[in-house]
Each structure stands twice: as C-alpha cells, then as structure tokens.
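With our numbering, the residue at position 163 of the sequence shown is 165, and numbering never jumps.
Idealized CB from N, CA, C, for every residue including glycine.
As the structure is a computational prediction, the values presented were derived from the model and not from experiment.
Here is the structure we will look at, set down as structure tokens.
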Amino acid sequence: MNSLLEGAFSAGGLREDEYLDLQTGLVTCSSCHGPRQKVLKVDGRIYRPRCLCACQKAKQDRLEEERRQREFRDQVSRNRSLGLPEPALRRCTFANDLGYNPEMETAKKYVAQWETMYRQSVGLLIWGDVGTGKTFLAGCIANALLDAGVTVLMTNFSRILNAMTGLYNVDRNAYVDDLNRYDLLIIDDLGMERDTDFALEQVFSVIDSRYRVRRPLIVTTNLKPSQLKQTDSLARRRIYDRVLERCVPLQVNHRNIRSEKAQDNLRHARELLK
C-alpha cells in the first residue's frame, strides 16, 4: 500500500522552470516562487504530491475562460443563424443605427431590463406607418439579446403559416411548442397574414400559447393600437387582446426611412450616370 502511494505521490524530476526549496523541501516555481507540491499525511507517512503553483493556476484559469468564451461565441453564432433566418436581419444592430428614431433609446432600455421583462413576460407592440424602421428596431433588440446569450426567433406569420400548412394537429402543436422554447419571439408585420379561418386559427394558436407559457412577445405592425382594439373580427380580437395585454405600445412614426433611402440611392445613381 505504502509503495503504491509513494509512486502515485512522487514529485518526479525537476523541470526547467522550478527548483527544490531547501527550507520547505518542496518543488517550487521559479517564476512565482509558489510551491508545486503539497504535504499529505497518510497512515502516519508524509507524501508530497504535485499541485499547481499560482502562475500555473492563473494560466489554467485563463485557458478555461478562453474556452468558455469560445464556446459562448459559437453558441451565439448558432442561435443567430437559427433565430434570424433572413441574413439582412443580422445587420440590424444598435451600432448600425443612424439615429432616425428616438424610440431606439426605449429599445436599448428594454434590452437593459431584459431579466425583468422576461420574468414578468413583458413584450413590445412596435407600431407605425410603412417604412419607418419598425423591423430595424426590433432587429436591434434581437441582435443585442442574442449577443447576451438569449435565444431569440424573429419571423413573421407568412413564414409560420407556410411551415404549418399541411401538418397534422399533433405536428402543429409540436411546432408551436418549438416556438415557445425561444426566450423571446418577435413577429414582424402582425395583421398582414392571410384573412382565412385556417390562418387566423394558427395565428391565435401561436399567440395564445405564448401567452399561456408566459414568455415575452414582440410584434411589429402597421396597425394603430386603436385599430387593434376596435376590430370587427372576433377571431382577430381574440389575438389582439392577448397582444395588448402583454405588449407595451411603442410608436415608430417619425419619417419614412425606406423612402428616404430609396431617394438617396436614386440620386446617387443619377450622379454616376451623368
């Protein structure tokens, strides 16, 4: 038994970056002068197994942190590919904001207060005219949260309905369950989906399921909150009531950014063609 312990605990030969401290009798690091052995007593005998000195421990911690950060970056990259299926959405970032909409500050506050928003299942209803930057603002929130390790899916009901068409009920339920696995679901252009019984039934299923599992939902729409409240359609009212209950209205309606960019592009093209 003792011979086995001695073999297991033996220090081995000295390395180039260490020396034997004559006062302690322990192998010692030449850089930090910390011990690379520790003293153990087993059955009345003393053994000196190897251990990490301070600089070895610091290097090990640094490498472990680099590994964790690398794995985190890889996971964020995978989450972004899954959560933002349209590559253009990945360019919607706060860093790329040109300052068109002051509501961007509210978007930043939403991200900063994400833990509370998530815990209380609070979302946003981003509304305004066509081309005012609603999708860009929602995309900025999505990318910022993805960078923080939050799982986000940004999609629209056209894409969702295309995926659900032809599925059996059990498969549709499984699809909706998959949507609810995301910490945040962002639906772009609510109200633009097909006005059929099947479409509205599936839209309600997605919204209602999100409502029941109490996970945040962000929607963008061209409709005013008053239009959501006063719709004559019972099917749509069931959908919009749940949105209005959990989503804070945020108007983005200062200028038609899309039109301005198109005009700038045309002016630039004319200059090139002169």
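Review point. In terms of alpha-carbon separation, which member of 223, 216, 235 and 232 lies closest to residue 248?
Key: Here residue 248 corresponds to residue number 246 of the sequence shown, with the count starting at 1. It is 216 whose Cα lies nearest to the Cα of residue 248.
**Study point:** Inter-stretch contact at 8 Å, needing at least 3 Cβ pairs: the stretch 121 to 129 / the stretch 216 to 229
**Key:** Yes, the stretch 121 to 129 touches the stretch 216 to 229.
Practice item. Evaluate residue 41 with the Cβ neighbour count: other Cβ atoms within 10 Å of its Cβ, from every protein chain shown; 16 or more gives buried, anything less gives exposed. Key: Taking the sequence shown and counting its residues from 1, the one referred to as residue 41 is at position 39. Exposed, by the Cβ-count rule.
**Study point:** beta strand (DSSP E) segment containing residue 20, residue limits
**Key:** Here residue 20 corresponds to residue number 18 of the sequence shown, with the count starting at 1. For residue 20, the enclosing beta strand (DSSP E) stretches over residues 20 to 23.
Exercise for review: Could you pull the start and end residues of the alpha helix (DSSP H) that residue 118 belongs to?
Suggested key: Locating residue 118 in the sequence shown gives position 116, where the first residue counts as 1. Unbroken alpha helix (DSSP H) run through residue 118: 116 to 121.
Review point. Straight-line CA distance for residue 77 to residue 151?
Key: As a position in the sequence shown, residue 77 is number 75, starting the count at 1. As a position in the sequence shown, residue 151 is number 149, starting the count at 1. Rounded to whole angstroms, residue 77 to residue 151 spans 8 Å at the Cα level.
**Study point:** At least three beta-carbon pairs within less than 8 Å, the stretch 133 to 150 to the stretch 99 to 110
**Key:** By the Cβ criterion, the stretch 133 to 150 is in contact with the stretch 99 to 110, since at least three pairs of Cβ atoms, one from each stretch, lie closer than 8 Å.
Review point. For residue 84, does the count of other Cβ atoms within 10 angstroms reach 16, so buried, or fall short, so exposed?
Key: Here residue 84 refers to the residue found at position 82 of the sequence shown. With a 10 Å radius around the Cβ and a threshold of 16 neighbouring Cβ atoms, residue 84 comes out exposed.
Exercise for review: Could you spell out where the beta strand (DSSP E) holding residue 253 opens and where it closes?
Suggested key: Taking the first residue of the sequence shown as position 1, residue 253 is located at position 251. Boundaries of the beta strand (DSSP E) around residue 253: 249 to 253.
Exercise for review: Pull up the distance between the alpha-carbon of residue 7 and that of residue 72, whole angstroms please.
Suggested key: Here the question's residue 7 lines up with position 5 in the sequence shown. Here the question's residue 72 lines up with position 70 in the sequence shown. Any reading at residue 7 is ruled out, since the residue's pLDDT is 41, under 50, leaving its predicted position unreliable.
Check your understanding: Would you call residue 186 buried or exposed, if buried means 16 or more other Cβ atoms sit within 10 Å of its Cβ?
Key -> Stepping through the sequence shown from its first residue, residue 186 is reached at position 184. When all chains shown are included, residue 186 counts as buried.
Exercise for review: Can you grab the Cα-Cα spacing for the pair residue 206 / residue 62, in whole Å?
Suggested key: In the sequence shown, the residue the question calls residue 206 occupies position 204. In the sequence shown, the residue the question calls residue 62 occupies position 60. Their backbone Cα atoms lie some 52 Å apart in a straight line.
Practice item. Leaving aside the five residues before and after residue 251 along the sequence, list all residues of the same chain whose C-beta is less than 6 Å from its C-beta, in chain order. Key: Taking the sequence shown and counting its residues from 1, one reaches residue 251 at position 249. Cβ neighbours of residue 251 beyond the five flanking positions: 127 and 227.
Point to revise | Where the alpha helix (DSSP H) containing residue 190 begins and where it ends | key: Locating residue 190 in the sequence shown gives position 188, where the first residue counts as 1. No alpha helix (DSSP H) holds residue 190; the beta strand (DSSP E) holding it covers 186 to 190.
**Study point:** Where residue 31 falls: helix, strand or coil (DSSP)
**Key:** Here the question's residue 31 lines up with position 29 in the sequence shown. Note: residue 31 maps to strand in three-state DSSP.
Exercise for review: Whole angstroms is fine: what's the gap from residue 31's alpha carbon to residue 79's?
Suggested key: Sequence index remark: in the sequence shown, residue 31 carries index 29 (1-based). Sequence index remark: in the sequence shown, residue 79 carries index 77 (1-based). The straight-line gap from Cα to Cα measures roughly 40 Å.
Practice item. Quick one: residues in its chain with C-beta nearer than 7 Å to the C-beta of residue 281, no 5 flanking neighbours on either side, listed in chain order? Key: Missing from the structure shown is residue 281; the chain here goes from 3 to 276 and no further.
**Study point:** Contact set for residue 201: own chain, Cβ-Cβ below 8 Å, skip 5 residues either direction
**Key:** Here residue 201 corresponds to residue number 199 of the sequence shown, with the count starting at 1. These residues qualify, in order along the chain: 159, 163 and 195.
Practice item. Give the straight-line distance between the Cα atoms of residue 120 and residue 138, rounded to the nearest whole angstrom. Key: Working through the sequence shown from its first residue, we reach residue 120 at position 118. Working through the sequence shown from its first residue, we reach residue 138 at position 136. The alpha-carbon atoms of residue 120 and residue 138 are separated by roughly 21 Å.
Check your understanding: Alpha carbon to alpha carbon, how far is residue 23 from residue 38?
Key -> In the sequence shown, residue 23 corresponds to position 21, counting from 1. In the sequence shown, residue 38 corresponds to position 36, counting from 1. Going by the C-alpha atoms only, they are around 10 Å apart.
Check your understanding: residue 224: which of 93, 134 and 168 sits nearest, CA to CA?
Key -> Translated into positions along the sequence shown, residue 224 becomes position 222. Ranked by Cα distance from residue 224, the first of 93, 134 and 168 is 134.
Check your understanding: residue 241 to residue 74, Cα distance in whole Å?
Key -> Taking the sequence shown and counting its residues from 1, one reaches residue 241 at position 239. Taking the sequence shown and counting its residues from 1, one reaches residue 74 at position 72. Between the C-alpha atoms of residue 241 and residue 74 there is a straight-line separation of about 36 Å.
Check your understanding: Ends of the beta strand (DSSP E) at residue 156?
Key -> Position 154 of the sequence shown, counted from the start, is the residue given in the question as residue 156. For residue 156, the enclosing beta strand (DSSP E) has its first and last residue at 154 to 158.
Check your understanding: Straight-line CA distance for residue 57 to residue 35?
Key -> Within the sequence shown, the letter at position 55 stands for residue 57. Within the sequence shown, the letter at position 33 stands for residue 35. Approximately 9 Å between the Cα atoms of the pair.
Exercise for review: Reducing DSSP to helix, strand and coil, say where residue 89 ends up.
Suggested key: Numbered from its first residue, the sequence shown carries residue 89 at position 87. DSSP places residue 89 in helix when its eight states are reduced to three.
Point to revise | Alpha-carbon spacing of residue 46 relative to residue 27, whole angstroms | key: Here the question's residue 46 lines up with position 44 in the sequence shown. Here the question's residue 27 lines up with position 25 in the sequence shown. Distance from the CA atom of residue 46 to the CA atom of residue 27, rounded to whole angstroms, is 18 Å.
Practice item. Work out the CA separation of residue 203 and residue 197 for me, nearest whole Å. Key: Here residue 197 corresponds to residue number 195 of the sequence shown, with the count starting at 1. Here residue 203 corresponds to residue number 201 of the sequence shown, with the count starting at 1. Taking the straight line from one Cα to the other gives about 10 Å.
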